[in-house]
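> Residue numbers (this note's numbering): 6 to 270.
For each residue, glycine too, the CB sits at the ideal point set by N, CA and C.
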């Protein structure tokens, strides 16, 4: 599933349409990614509306239009946004197409685990305003991290980092990278993380999120070899710091990699 930086990369692919009007909208209305929406209002409102701007938070995106229109997109596991030509012929998995004079803005999703949300109103949709703060924002404080870890005291730290109600945008590889940099074993219970260690987790989250946004968003590049990222996928992969072969196990329902030397049990 796309994580924080991958989502930001896809959001920016629709930037070519900012400031331009929607000439036509095409949707696969019967697909479950549109569940819960007023599709009649969506199809009536968007033609003639101008795409004003957008933002991403965690694994979700919000696109703002004139005429008080808002569209939220969650990519799910296989969703993607891309620009195509104005005369683009819609394919089987292209469930939302916003045609403009210069291009078409396309949301495709082969496995239909994504979601499109529509809101009509003057203010930001409630489902967006309820999201936790971005992990790179000033509101994502050490004190809030420590409080959340205590509320999940009996859960392995790896599993806690994957909980989107607070650590919004962190997925599997980012959680492994964070714990490797904080030098904490992924099975450590959240309630047994010391004050000093929680500070290291907070700092690692900020570093990994900021670094991923700089590296991945530019051209979908992988992080450099000095990161755990590249080695966690390799069979017999080794720690980039000390060369120790990585251990692996399923923790929090996800395949997890760690260095037994850097992150002792």
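Kindly indicate which three-state DSSP category residue 82 falls into: helix, strand or coil?
Note: residue 82 maps to coil in three-state DSSP.
> Mind reading off the beta-carbon distance from residue 154 to residue 199? Whole number of angstroms is fine, and I expect it under 8 Å.
No, residue 154 and residue 199 are not in contact; Cβ-Cβ is about 10 Å, not under 8 Å.
> Please classify residue 14 as buried or exposed, where buried requires at least 16 other C-beta atoms within 10 Å of its C-beta.
buried
> Touching or not, the region 74–93 and the region 109–118, by the rule of three or more beta carbon pairs under 8 Å?
yes
> Among 205, 223, 130, which has the Cα closest to the Cα of residue 182?
Looking at 205, 223, 130, the one whose alpha-carbon comes closest to that of residue 182 is 205.
> Between the C-alpha atoms of residue 237 and residue 53, what's the straight-line distance to the nearest angstrom?
Within the model, the alpha-carbon separation for residue 237 versus residue 53 is close to 48 Å.
> Buried or exposed: residue 163, going by 16 or more other Cβ atoms within 10 Å of its Cβ?
buried
> Roughly how many angstroms lie between the CA atoms of residue 235 and residue 46, to the nearest whole one?
46 Å
> Do residue 161 and residue 194 have their C-beta atoms within less than 9 Å of each other?
yes
> Going by DSSP, name the residue or residues bridged to residue 108.
90
> So residue 222 is in the alpha helix (DSSP H); what residue range does that whole segment cover?
200–224
> Between the Cα of residue 258 and those of 207, 165, 185, spot the shortest distance and give me the residue it belongs to.
Ranked by how close their Cα comes to the Cα of residue 258, the residues 207, 165, 185 have 165 in first place.
> Using the Cα positions of residue 150 and residue 137, report the straight-line distance between them to the nearest angstrom.
Between residue 150 and residue 137, the C-alpha separation is close to 12 Å.
> Does the region 8–25 come close enough to the region 54–65 to have 3 or more Cβ pairs within less than 8 Å?
yes
> Where does residue 226 land, buried or exposed, given buried means 16+ other C-beta within 10 angstroms?
It is exposed - the Cβ of residue 226 has fewer than 16 other Cβ atoms within 10 Å.
> Report the three-state DSSP secondary structure of residue 31 (helix, strand or coil).
Here residue 31 sits in strand by DSSP.
> Assuming residue 190 contacts residue 270 (C-beta within less than 8 Å), just tell me the rounded distance between them.
5 Å
> Would the beta-carbon of residue 55 fall within 9 Å of that of residue 27?
yes
> Assuming contact is defined by CB atoms lying nearer than 9 Å, are residue 301 and residue 117 in contact in what I supplied?
What is shown of the chain runs 6 to 270, which leaves residue 301 out entirely.
> Flag this pair as yes or no: are the beta carbons of residue 39 and residue 74 separated by less than 9 Å?
no
> Quick check on the DSSP output: the beta strand (DSSP E) that includes residue 164 runs from which residue to which?
Premise fails: residue 164 lies in the alpha helix (DSSP H), 162–166, not in any beta strand (DSSP E).
> For a quick check, are the C-beta atoms of residue 215 and residue 146 less than 9 Å apart?
no
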